[in-house]
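Okay, so here's the structure we're looking at.
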Amino acid sequence: SIVGFFIAVATLVFFAVMPLGGLFTSYMNKRSRRYIASQTFTANYIKLKGLDMWMSYLLWFLVFLAKLVESYFFLTLSLRDPIRNLSTMTMRCVGEVWYKDIVCRNQAKIVLGLMYLVDLLLFFLDTYM
-12 SIVGFFIAVA
-2 TLVFFAVMPL
8 GGLFTSYMNK
18 RSRRYIASQT
28 FTANYIKLKG
38 LDMWMSYLLW
48 FLVFLAKLVE
58 SYFFLTLSLR
68 DPIRNLSTMT
78 MRCVGEVWYK
88 DIVCRNQAKI
98 VLGLMYLVDL
108 LLFFLDTYM
């Protein structure tokens, strides 16, 4: 299953980077004008300078800030009560044979970390998808 996972990750990265037009043919054949639009729109952009560059940075910062505020209200406030409960929880570890009390004592922290990770994942999915 580990090998299958790494094959899936490699396939995902390959298809994320490789354009569909280049899967079975030479993608950027110089003799053909078939993919001239791809060459133009992916390789020809203006380098911003001065005020234009700073306005672009400001725009991206404001978009990120707006998404952060939105995520606070819709993602983080829903985690307020579980964070309060899990951060102060003490586990009673009785009867665990294999791991003794290592996993049991830290179970609340592990779950809290997973919740933070999923919250961060949902934030970036909401922002960039």
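According to the numbering used here, the sequence shown holds residues -12 to 116 in order.
Built from N, CA and C at the ideal position, the CB exists for glycine as well.
No experiment lies behind these values; they were computed from the predicted model shown.
Closer than 6 Å by C-beta to residue i: which residues in its own chain qualify, once you throw out the five before and the five after it? Chain order, please.
i: MET58; result: Note that residue 58 corresponds to Ser in the displayed sequence, not to Met. Correct list, in chain order: PHE110.
Among the options, which residue has its Cα nearest to the Cα of residue i?
i: MET78; options: LEU108, VAL98, ALA53 and LEU52; result: VAL98
i: THR63; options: ILE(-6), LEU104 and MET5; result: LEU104
i: PHE61; options: GLY(-9), ASP106 and ALA3; result: ASP106
i: GLY100; options: VAL0, THR(-2), PRO69 and ALA(-3); result: PRO69
i: LEU112; options: ASP39, ILE(-6) and LYS54; result: LYS54
Using a Cβ-Cβ cut-off of 8 Å (strictly less than) and excluding sequence neighbours within five positions of residue i, which residues of its own chain qualify?
i: LEU35; result: SER43
Do residue j and residue i come within 7 Å of each other at the CB atom, strictly closer than that value?
i: LEU73; j: ALA95; result: yes
Going along the chain, which residues of its own chain have a beta-carbon closer than 7 Å to the beta-carbon of residue i, five neighbours each way excluded?
i: MET102; result: LEU66 and PRO69
i: GLU83; result: CYS91
Say whether the segment 80 to 98 touches the segment 39 to 46, bearing in mind that this needs 3 or more beta-carbon pairs closer than 8 Å, one atom from each stretch. no
Can you check the segment 31 to 63 for any alpha helix (DSSP H) of at least 4 residues that lies completely inside it and give the ranges in chain order? 38 to 58
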